[in-house]
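Right, one structure below, let's go through it.
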Amino acid sequence: MKIDVGMYVRQNYYGIGKITNSYESEGKTWFNVKFNCYEDDENHCGICEQSIGFKASHDIIDLIEVGDYVNEELVEDITGEYLRINGQSHNKHYFSKHIKSIVTKEQFESISYKVN
């Protein structure tokens, strides 16, 4: 798949963001990605096309995984065209219009405090 400006990306550390531009450097394609962990539009993260844990799609719904939180609700299952969130089944393409927030399971784990 060709990765383009305007696509959404999922990266293990930063979560889900949107590609704002791309450039070539040292024989590799790099993308500037706007992640919500940055407070202003001037700050972006550079991700190389060959990065580990980097997925891209034109539709943000394709990047959601079981264990993520969408609109503050846990994604319990993804089967074909359906997501199960909080015990309810949703058509992915219809539901994508209603997404307001996503916290990936990796983001959630990175900020959680583990009690022994």
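Numbering (our numbering), first residue to last: 170 to 285. Glycine included, C-beta positions come from ideal geometry on N, C-alpha and C.
A straight line joining the alpha-carbon of Gln257 with that of Asp237 spans about 15 Å. The DSSP-derived three-state label of Tyr238 is strand. Using a Cβ distance threshold of 8 Å, Ile185 and Phe200 do not count as a contacting pair. For the pair Ile268 and Val239, the Cα-to-Cα distance works out to about 7 Å. Counting of Cβ neighbours within 10 angstroms places Met176 among the buried residues, the total reaching 16 or more. Shown here, Lys261 sits in a helix according to DSSP, grouped into three states.
In the DSSP assignment, Lys224 falls within the unbroken beta strand (DSSP E) covering Phe223 to Ser226. In the three-state reduction of the DSSP assignment, Asp173 falls in the coil class, being assigned neither a helical nor a strand state. Taking C-beta separations shorter than 7 Å and ignoring five residues to either side along the sequence, the partners of Asp228 in its chain run Ser265, following chain order.
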